[in-house]
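Notes to accompany the following structure.
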Amino acid sequence: MSFRNLILTALFGVSAVFTQPADLILHHGKIVTVDPQFHIGDTIAVRGDRVIGVGSHSDIGKLAGPNTRQIDLKGKTVLPGLMDSHSHAVDASMYEFDHPVPDMETVADVLKYIHARAAVAREGDWVVLTQAFITRLRDQRFPTRAELDAAAPRNPVYFGTGPDASLNSLALKVSGIDKDFKITDGKPGRIEHDANGEPTGIIRSGSRLVKIHSGEKKPTEADRLQRLKMLLADYNTVGLTSISERDLGDDGIELYRRLHDAGELNCRVYVMYSVDAQMPLDQIQARMLKAAQSPLHRYNNMLWVRGTKSYMDGGMLTGSAYMLQPWGISKVYSITDPKYRGMRYIEAGKLYQMQKFALQHDLQFTAHSVGDGAVQGMIDGYSEVNNDFPVRAARPCITHANFMSAAMIQKMKELGIVLDLQPDWLWLDGATLRKQFGEERTAYFQPYKSLFDNGVMVGGGSDHMQKIGSL
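Those letters in the sequence shown? Residues 81 to 551, per my numbering, in order.
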């Protein structure tokens with residue numbers, strides 16, 4: 081709505097003003113509209129869950145009634161609520177439930193933490209650290225098997241960094257992973273080996289192979305509800321009023337439903353339902369159908385199960401994103417195979433069936449797709465579905481889409497593909513990736529200007545998954 085129309089909303093039909101007054105008026109401030117002209121008013125009026133006018137106090141003040149709450153802003157600024165297009169709020173709220181996890185800047189910090197946790201754990205209990213990304217450590221490498229052995233000689237250790245991990249010797253032994261171990265379940269995964277054929281401890285996309293038994297305390301549902309409320313309240317303090325929960329299962333949805341029904345949900349939540357692409361296709365379709373038939377799939381501006389999310393490839397930060405060209409030898413990512421291109425999780429025929437089924441059932445589809453090989457695969461799948469029926473109205477999505485090409489951008493524009501990107505990765509990870517891939521391959525690493533110039537819709541998300549108060 082234009083600024084002019086916002087003012088007219090307040091002025092049109094003045095006779096109705098006193099029968100339908102505003103519930104809230106904020107006046108004598110700076111009301112930032114973020115309309116195309118970026119107009120700024122001094123007063124805003126709200127009725128129910130809708131803004132009904134923005135403009136001058138002399139005009140908008142006419143919308144007041146005897147019960148209207150009026151607040152003098154005294155020059156303070158009011159911004160539209162911000163939306164985080166990619167959050168893992170339920171997981172983030174529980175990250176430090178058992179104990180505080182310090183910030184870590186070096187491998188030495190990681191080893192110090194693991195040693196401290198082993199000191200308070202029983203012998204044989206697992207020491208687990210997740211979401212500590214190697215490219216964001218100053219050392220820019222995995223902790224080695226030997227280093228983890230020294231830090232916790234009596235405890236199995238799992239250092240998880242996105243979809244990949246580094247294990248110590250005891251963790252490998254407990255999990256039955258030795259030089260003769262083979263992945264036989266047909267699912268993605270890769271065990272890295274040294275020159276003698278022994279596992280280095282680095283496992284890519286294979287957390288299911290690790291027999292973790294955590295000794296940490298278990299939260300009750302009341303704990304989970306309370307901590308989720310705390311996290312959402314923290315989001316509000318930095319201006320977030322809406323989030324997209326990417327990859328949420330039934331238990332997480334139930335937490336939001338309970339908060340919503342109790343009138344305690346203070347963020348709008350747009351849910352992408354978790355679908356494991358490694359299941360057989362009939363089970364995948366049954367899970368998608370469950371989402372489509374959920375009462376929460378009907379539009380609700382506070383809690384809406386809108387679509388499904390799966391995983392197309394591994395991690396950019398860990399060296400398992402699926403690329404069109406080989407990654408190249410790397411000490412940072414512990415890559416020794418010159419032909420290695422990363423990990424693709426969904427073959428083309430199955431991906432097409434998943435995308436088609438979701439879109440046919442009014443579910444937005446997305447998949448974690450980091451490398452340009454994965455992004456191309458997603459585009460190819462949507463293109464094939466588009467031969468069956470137009471996909472644009474379904475807002476087909478690609479999550480992360482870190483690497484792409486000019487030709488891919490044109491196809492995104494043609495099909496109406498929307499993107500869920502993480503802008504902070506440009507400065508957090510761009511320099512490391514440029515060193516790995518070179519200038520030419522990183523020219524289209526999160527190319528926002530090219531996307532905007534071509535009219536591709538882009539959402540900005542934090543991918544928040546750690547700690548309350550870390551945004």
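Using N, Cα and C, we set each Cβ at its ideal position, and we do this for glycine too.
Nothing here was measured: the structure is a model prediction, and the numbers come from that model.
With 16 other Cβ atoms within 10 Å as the buried cut-off, status of residue i
| i | result |
| --- | --- |
| Glu227 | buried |
| His108 | exposed |
| Ser136 | exposed |
| Met545 | buried |
| Leu436 | Checking the sequence shown, residue 436 turns out to be Lys, not Leu. Per the 10 Å Cβ criterion, buried. |
| Leu328 | buried |
| His480 | buried |
| His377 | buried |
| Trp507 | exposed |
| Ile409 | exposed |
| Pro223 | buried |
| Lys411 | exposed |
| Ser390 | buried |
| Ala90 | Below a pLDDT of 50, predicted positions are generally treated as unreliable, and Ala90, at 39, falls in that range; the measurement from the model is reported next regardless. So Ala90 ends up on the buried side. |
| Ala342 | exposed |
| Pro279 | buried |
Helix, strand or coil at residue i according to DSSP, with G and I counted as helix
| i | result |
| --- | --- |
| Ser246 | strand |
| Leu551 | coil |
| Trp505 | helix |
| Gln405 | coil |
| Gln100 | coil |
| Ile497 | coil |
| Gly518 | coil |
| Gln435 | helix |
| Leu143 | helix |
| His340 | helix |
| Leu513 | helix |
| Phe92 | Note that Phe92 scores 37 on pLDDT, short of 50, meaning its location in the model is unreliable and no value can be drawn from it. |
| Tyr350 | strand |
| Met163 | strand |
| Val131 | strand |
| Ala481 | coil |
| His137 | helix |
Whole-angstrom C-beta distance between residue j and residue i, which should lie under 8 Å
| i | j | result |
| --- | --- | --- |
| Leu335 | Leu383 | Between Leu383 and Leu335 the Cβ distance is about 11 Å, and since that is not below 8 Å, they are no contact. |
| Ser324 | Met368 | Ser324 to Met368, Cβ: 18 Å. No contact. |
| Asp393 | Gly319 | Actually they do not touch by this definition, with Cβ atoms about 32 Å apart. |
| Ile105 | Gly128 | In fact, because the Cβ distance is near 14 Å, the residues do not count as touching under 8 Å. |
| Glu241 | Ile214 | According to the sequence shown, residue 241 is Thr rather than Glu. Right, their Cβ atoms sit about 5 Å apart. |
| Asp272 | Ile282 | For the sequence presented, residue 272 should be read as Glu rather than Asp. Contact flag correct, Cβ pair sits at about 4 Å. |
| Pro180 | Tyr193 | That pair is no contact at about 10 Å. |
Determine, using beta-carbon pairs with one atom in the stretch 142 to 154 and one in the stretch 282 to 289, whether at least three such pairs fall under 8 Å.
Output reads no: the stretch 282 to 289 does not touch the stretch 142 to 154.
Length-filtered (3 minimum) beta strand (DSSP E) runs lying within the stretch 168 to 232:
Correct list: 207 to 209.
Should the stretch 403 to 417 be regarded as contacting the stretch 462 to 481, the criterion being three or more beta carbon pairs within less than 8 Å?
In short, these stretches do not touch, since the Cβ pair count stays below three.
Spell out a yes or no on whether the stretch 495 to 502 and the stretch 177 to 193 are touching, meaning 3 or more CB-CB pairs, one atom from each, closer than 8 Å.
A contact between stretches requires three or more CB pairs, one per stretch, nearer than 8 Å, and the stretch 495 to 502 fails this requirement with the stretch 177 to 193.
Three or more C-beta pairs below 8 Å linking the stretch 248 to 262 and the stretch 228 to 236:
Enough Cβ pairs lie closer than 8 Å, so yes.
Tell me whether the stretch 394 to 405 and the stretch 418 to 433 touch, counting them as touching only if at least three CB pairs, one residue from each stretch, are closer than 8 Å.
Short answer: they touch.
Pairs of beta-carbons, one from the stretch 159 to 175 and one from the stretch 304 to 317, closer than 8 Å: are there three or more?
Three or more beta-carbon pairs separated by less than 8 Å link the stretch 159 to 175 to the stretch 304 to 317, which places the two stretches in contact.
Which ranges does the alpha helix (DSSP H) cover as unbroken runs of at least 4 residues, wholly within the stretch 351 to 422, from first to last along the chain?
For the stretch 351 to 422, the full-length alpha helix (DSSP H) segments reaching 4 residues or more read 361 to 373 along the chain.
Quick one: complete beta strand (DSSP E) runs, 3+ long, within the stretch 261 to 318?
If we require 3 residues or more, the beta strand (DSSP E) runs fully inside the stretch 261 to 318 come out as 270 to 273, 279 to 284.
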